[in-house]
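Residues in the sequence shown are numbered from 1 upward in steps of one, following full-length UniProt numbering.
Yeah, the Cβ is synthetic: ideal placement off N, Cα and C, and Gly gets one too.
In this text, all values refer to a predicted model and were calculated from it rather than measured experimentally.
Notes follow once the structure below has been shown.
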Amino acid sequence: MSTQTNPTSPVTPAGSPTRSNSKDMSSPGPTTALSLRWHRLVNFVAPPSSSTKRAKLPQPSTQDSLKAIAKASWLNLLLAFIPVSWALHFAKPDESTIIFIFSFLAIIPLASLMGFATEDLSLRVGQTLAGLLNATLGNAVELIVAIIALLKCELRVVQASLVGSVLSNLLLVLGMCFFAGGMRYSEQGFSLAAAQINSSLLIISVVSVLIPGVLYFSIDALTSASPESEGKTILKISHGVAIMLLLVYCCYIVFQLRTHNQLFDDEHPSSMIESIRYQKDIKNESPRSSMHSDASPDSPLVASHVDAEAAKEHDEDDESPKMSTWVAIGLLTVITVLVAVTAEFLVGSINGLIDGTGISKEFVGLILLPIVGNAAEHVTAVTVSVKDKLTLSISVAVGSSIQIALFVLPFIVTLGWILGKPMTLLLDPFESAVLLLSVMTVNYTIQDGKSNWLEGVVLMTLFIIIGIVTWFYTGTDPSGMLATCT
């Protein structure tokens, strides 16, 4: 028999369904009404499951929320660079290098706070929607920077920064997740079905940006068409491909949140591979059976079901909301405005930085800007990977790359179409090559549904190698040869 629970009760026992009649719901308090509205929104977007019970978590007070924001991360100390970068922009507009450095440092804590607010909101929804929420809002920095660069006709910066975001998420962020989790687990398992789906989406993403380049070089080598004619052809193809990618992204959202949401959940065991911890890390373990008597001290053991449940309960106790819903939403709004203004100063100082220091625009776009934008995903993904929630880490890291390729990049192309900017999917040959190699490496790494720390080292090493080569690579601008942005 189910028990009726007072809707004003702040906490609902785990596993106990809550049913309230119309009389009980007639006069809820402000906090309860807010929780109910949020819960209805969650159930509308994603079907309720075992992982959505967190929607009924209590709301912290405003004072506690503000304290949590102040103590969110040591990166908050870098918030002092926000007024400094703004003051330098207006007081010394010719000091581009200094403006870039301070704006660069100022965006990092903003991205971190955006990740903090997003993760706090994610505690009230299911793990699938949490991964999508983290990746979507984590890409807000890249989207803002790309839009500002597009308006300033910095098309090379737009392309390089978005390709760099994909590379950074696939290699640096995912590599850090595998490495950090591998320090605690000899082998970590994740949803094999979700990994295979992500691999397919990554392939179609990279193919969609390679085809315009292949066509361009084929036309250039086999025909004598004028640059204007080639430019119009590539532009039309880019617009058509962008629309198709946006449609694929919509299908991906429906697939992940509605029809197959269980595939992207760490609590869904059907396609999960058991994580294995190092034996020396297992505390207070019962005596081993004879079959393990010859095992070496450092040999890995599969954690028992009781240990897994205890760890899960411990993690859920630690993961309670630190901010009220409206404070978190307000924080996201304020951060978005601050990022937009600071990114405006950052992008505006790039040309001066290049002229003053000799750093290539390719390195700025492909390496530096993605590091700023991926701070939120980096912190979130690495944190949850240590807690053996690698499916969520992959959902954030790989999912963010998929969203850049399937949503942000085609959205920018479509926006450029609307604004009359010749933004295309025609990439620099070097960018196309490293993008293809990175996707192939990641697909090979995740295809078995398990990871270890050495695979993380491989991914991070590949990113460092790309960074070293990019430092010396000046880059080309195929799109700039075909059309002029005004």
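query: Out of F81, R124, A149, Y185, which one is the CA nearest neighbour of V364?; result: A149
query: With 16 as the cutoff for other CB atoms within 10 Å, does Q63 come out buried or exposed?; result: exposed
query: Verify whether the separation of the beta carbon atoms of F104 and S73 is less than 8 angstroms.; result: no
query: In the DSSP assignment, find the unbroken alpha helix (DSSP H) run with S400 in it and report its ends.; result: 390-403
query: Start and end of the alpha helix (DSSP H) containing Y444?; result: 429-446
query: What did DSSP end up calling G189 once you bin it into helix, strand or coil?; result: strand
query: Excluding the five sequence neighbours on either side, which residues of its own chain have a C-beta within less than 6 angstroms of the C-beta of K53, listed in chain order?; result: Because K53 sits at a pLDDT of 46, beneath the cut-off of 50, its placement in the model cannot be relied upon, and the point is left open.
query: Taking L113 as the reference, give the member of L332, V396, V145 with the closest Cα.; result: L332
query: Using only CA atoms, which one of F217, T476, L123 lies nearest to K361?; result: T476
query: Mapping the DSSP letters down to three states, classify K421 as helix, strand or coil.; result: coil
query: Is it buried or exposed, S96, if we count other Cβ atoms within 10 angstroms and call 16 or more buried?; result: buried
query: Once DSSP output is grouped into helix, strand and coil, what is the label at S73?; result: coil
query: Would you mind sorting D94 into buried or exposed? The rule is 16 or more other CB atoms within 10 Å of its CB.; result: exposed
query: Which residue's Cα is closest to the Cα of A194: C153, F255, E230?; result: F255
query: With DSSP collapsed to three states, give me the class of S205.; result: helix
query: For W86, which of helix, strand or coil comes out of DSSP?; result: helix
query: With DSSP run on the structure shown, which of helix, strand or coil describes S161?; result: helix
query: Who are the near neighbours of S393 in its chain, counting only those whose CB is closer than 6 angstroms to its CB and skipping five residues on each side?; result: C177, A381, V384, S385
query: In three-state terms, what does DSSP make of K322?; result: coil
query: Using the three-state DSSP reduction, which class does S349 fall into: helix, strand or coil?; result: coil
query: Does the region 401-418 come close enough to the region 189-206 that 3 or more CB-CB pairs lie under 8 angstroms?; result: yes
query: Which residues in the same chain as S296 place their Cβ atom closer than 6 angstroms to its Cβ, once the five residues preceding and following it in sequence are excluded?; result: Caution is warranted here: a pLDDT of 41 is assigned to S296, below 50, making its placement in the model unreliable, and no coordinate value can be reported.
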